[in-house]
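Q: Protein chains in written order, with this note's numbering: chain E, 1 to 109; chain D, 110 to 224. Using N, Cα and C, we set each Cβ at its ideal position, and we do this for glycine too. Below is the structure I would like to discuss, written out as structure tokens.
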């Protein structure tokens, strides 16, 4: 059974600092891994999708890496802004979809 | 990007009534849609996988007679919470997959409050 863990559960940083969010998964038989952002009381917004054959994906200030052999993915957010405050979820897609518990991020002005 | 619309965004109902939530993929055909519920400060819990034209596959512990899912077309799936009770109050979110192993797109969620 796939288990997805996100560490830390919460993170508070001053504006401008880089963010590093970690996601680990136990079953490497995935066909993709996706990072999402969720604002309070809202649905999820897709940030980056990494196919199993890829090592990383980049979009603007966001960069996500994937290492299937070690069961890890990392989301980097450069030069954080208060608007980046949200909960970030990673999801591993194999036979089933499995979400991590999320990392709540607070970027202080 | 692809858009998934969910309706209603908020619903309040009396205990014992049934509530229907719709999930539509607006600009793509979704052969598979997923339904989740989320309790406060917790992650998403997958409830069921909905495949167009066939019965939904429910996750362990989810009552299929309580949470009726219908995926009648490639762009619409519905979740009906039957005989709702206060413990069913939650945030329900749907998602749709673009392609067999493509990106997931999520609806905005529906907050159900059962009085």
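#1: Kindly indicate which three-state DSSP category residue 56 of chain E falls into: helix, strand or coil?
#2: To which residues does DSSP link residue 5 of chain E through a beta bridge?
#3: Rounded to whole angstroms, how far is the Cβ of residue 182 of chain D from the Cβ of residue 161 of chain D, which I believe are closer than 8 Å?
#4: Among E:13, E:58, E:93, which one has its Cα closest to the Cα of residue 52 of chain E?
#5: Leaving aside the five residues before and after residue 3 of chain E along the sequence, list all residues of the same chain whose C-beta is less than 6 Å from its C-beta, in chain order.
#6: Where residue 48 of chain E and residue 58 of chain E are concerned, what is the direct C-alpha to C-alpha distance, given to the nearest angstrom?
#7: How about residue 28 of chain E: is its C-beta nearer than 8 Å to some C-beta of chain D?
#8: Could you say if the stretch 26-40 of chain E and the stretch 81-89 of chain E meet the contact criterion of at least three C-beta pairs nearer than 8 Å?
#9: Residues of chain E with CB under 9 Å from residue 220 of chain D, in chain order?
#10: Which value, in whole angstroms, describes the spacing of the CA atoms of residue 126 of chain D and residue 151 of chain D?
#11: Give me the subset of the stretch 43-60 of chain E whose CB atoms are less than 7 Å from a CB atom of chain D, sorted by chain position.
#12: So which residues on chain D does residue 99 of chain E lean against when the C-beta distance must stay under 9 Å?
#13: Any beta carbon of chain E sitting closer than 8 Å to that of residue 161 of chain D?
#14: I'd like to know whether the C-beta atoms of residue 130 of chain E and residue 11 of chain E end up nearer to each other than 8 Å.
#15: Please state the DSSP three-state secondary structure of residue 197 of chain D.
A: So, from the data block:
#1: Position 56 of the first chain, counted from the first residue, corresponds to residue 56 of chain E. In the structure shown, residue 56 of chain E sits in a strand (DSSP, three-state: E or B).
#2: Residue mapping note: residue 5 of chain E aligns to position 5 of the first chain, counting from 1. Partner(s): E:24.
#3: Indexing the second chain from 1 puts residue 182 of chain D at position 73. Indexing the second chain from 1 puts residue 161 of chain D at position 52. Indeed, because the Cβ distance is near 7 Å, the residues count as touching under 8 Å.
#4: Taking the first residue of the first chain as position 1, residue 52 of chain E is located at position 52. Nearest option by C-alpha distance: E:93.
#5: As a working mapping, residue 3 of chain E is identified with position 3 in the first chain. Sequence-distant partners of residue 3 of chain E (beyond 5 residues in either direction) whose C-beta falls short of 6 Å from its own C-beta, in its chain, are 26.
#6: By one-based count along the first chain, residue 48 of chain E stands at place 48. By one-based count along the first chain, residue 58 of chain E stands at place 58. In a straight line, the C-alpha of residue 48 of chain E is about 7 Å away from that of residue 58 of chain E.
#7: In the first chain, the residue the question calls residue 28 of chain E occupies position 28. At a cut-off of 8 Å between beta carbons, residue 28 of chain E makes no contact with chain D.
#8: The answer is yes - the stretch 81-89 of chain E touches the stretch 26-40 of chain E, with three or more Cβ pairs under 8 Å.
#9: If you number the second chain from 1, residue 220 of chain D lands on position 111. Those within 9 Å of residue 220 of chain D in chain E are 41.
#10: Within the second chain, numbered from 1, the residue matching residue 126 of chain D stands at position 17. Within the second chain, numbered from 1, the residue matching residue 151 of chain D stands at position 42. Roughly 26 Å separates the two Cα atoms.
#11: Listed by position along the chain: 43, 44, 46, 49.
#12: Here residue 99 of chain E refers to the residue found at position 99 when the first chain is read from its first residue. Correct list: 145, 152, 153, 154, 155.
#13: Counted from its first residue, the second chain places residue 161 of chain D at position 52. No, residue 161 of chain D does not count as interfacial toward chain E.
#14: Outside the modelled stretch of chain E, which goes from 1 to 109, sits residue 130 of chain E, for which no answer is possible.
#15: Counting from one through the second chain, the residue named residue 197 of chain D turns up at place 88. Helix, per DSSP.
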